[in-house]
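Sequential numbering of the sequence shown, starting at 0, is according to numbering that gives the first Met the number 0. For each residue, glycine too, the CB sits at the ideal point set by N, CA and C.
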Amino acid sequence: MDFNYSEEQLLIRQTARDFAEEHLAPGVMERDEEARFPAEQIKMMAELGFLGMIVPEKWNGAGVDFISYAMAIEELARADASAAVVMSVNNSLVCQIFLNWCNDRQREKYLKRLASGEILGAYSLSEPQSGSDASAMRTFAEKDGDHYILNGTKNWVTNGISSDVAVVYALTEKGVGYKGVSAFIVEKGWDGFSVGKKEDKLGIRGSDTCELYFDNCRLPAENLIGTAGQGFKIAMNTLDGGRIGIAAQALGIARAALEKSLEYSKEREQFGQPIANFGATHDKISNMACNIDAARLLIHRAAALKDAGKPFTKEGAMAKYFASKIAMEATTQCVQIFGGYGYMREYGVERLMRDAKITQIYEGTSEIQQLVIARELLRD
Ligand code: CAA
């Protein structure tokens, strides 16, 4: 593994950092308070090429490698984890499916606009009764000539409200388990497709999450992705890459917690001296720093494997498991360092703790990452 980043990678990281400081950090607390989608900021991110970073230029993307992508997500999440997940879902879940599994007609019609940020995408796998056990879905798509008729309810859909198009998983055959799952491209506005209320969440409140309802929604059969029954593999394969994005998001949150802890512990005096002088503070900040660097190494290893076209399922799961765990620990310790002030909204560190929590839940809970890691280890 090369520890020297290329000039291009460093430039992308700097561009993301400058953008985040100038356009995401100001107003992040208000957006969190009001649960307001960062619409203007996402538009600017699209202009910078961030919405289709991993998509080749041929399809209107920026065509950068996955390490650069992870670096950009880390920088954005350090300022605003909500804006970071909007970008992560659009890139490593939605655009990734178009790159790996769709045909050129589908790419021409949707991917070009998704990558340029003209339209936004969502990825809709979970249902009220099927979260971790993803193949236990009930949404059903019945073939009807050159159409499918879609019925069911999906939930916890990130970008569900702001998106224009969603990749939706549904059974096309019952009683055969995951082999009956298929993936479809579904456009907002089609008859029978409606969107639920915006969920009131603990964290990443700037991003929108909602249910999607399908009531006899007619889809052209040409919007099937790959072949019927291939959906579960598409979902799993895509989540492998998505998990690198979420790991990078967790890393950005953890870094914000460390930076705020360092700044505050140098300013805050107790017992006649800055709390930075105390061993209890050293313990916390040194742990945070080691964990952050270790998480970044795991993330970049998984990204490097992906860039090299090598298997990275286990490494991606390890990166997400570890980065989300240390993000939760770092943000909790940061609140502890801030003490009573940390518990108050106006200091902005409790938001980090709230934002960190979701990284242990979405795109596969920590328990699912452990299962994926253990299965891969036992297979070796
Ligand atoms: N890549 C490609 N194929 C894969 C795969 C991968 N990473 N993992 C499994 N498969 C294939 C298997 O090879 C198998 O196919 P074969 O029989 O042909 O070999 C098939 O898929 C079934 O695999 P399993 O037997 O392992 O399936 P399982 O039912 O035991 O489930 C699981 C495995 C890991 C638990 C999986 O269900 C899982 O990852 N669950 C978590 C789901 C999840 O992450 N949900 C997040 C929702 S998305 C989200 O959060 C959206 C958002 O808006 C942010």
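Item                                                                                                  : Value
C-alpha distance - Thr237 paired with Gly271, whole-angstrom precision                                : 54 angstroms
Candidates Ser5, Glu21, Ala69, Ile53, of which the one nearest Ala318 by Cα                           : Ala69
Sub-8 angstroms separation of Ile184 and Val166 beta-carbons                                          : yes
CB of Gly230 within 8 angstroms of CB of Tyr147, strictly                                             : no
Delimiting residues of the alpha helix (DSSP H) encompassing Trp100                                   : 95 to 100
Length of the line joining the Cα atoms of Thr208 and Ser125                                          : 12 angstroms
Within 8 angstroms, strictly: CB atoms of Lys313 and Glu375                                           : yes
Per DSSP, the bridge partner or partners of Pro273                                                    : Glu268
Cutoff 8 angstroms; reference Ser285; Cβ partners in own chain excluding five residues on either side : none
Whether Ser81 touches Pro37 by CB criterion (8 angstroms)                                             : yes
Distance between Gln368 and Tyr320 (C-alpha atoms, nearest Å)                                         : 6 angstroms
Proximity to Ser134 [Cα-Cα], best of Glu6, Asn3, Pro310, Ile233                                       : Ile233
Cβ pair Met28, Leu50 closer than 8 angstroms                                                          : no
Gly278: CB within 7 angstroms of a non-hydrogen atom of the ligand CAA                                : no
DSSP bridge partner residues for Arg217 (one or two, in chain order)                                  : Ile148
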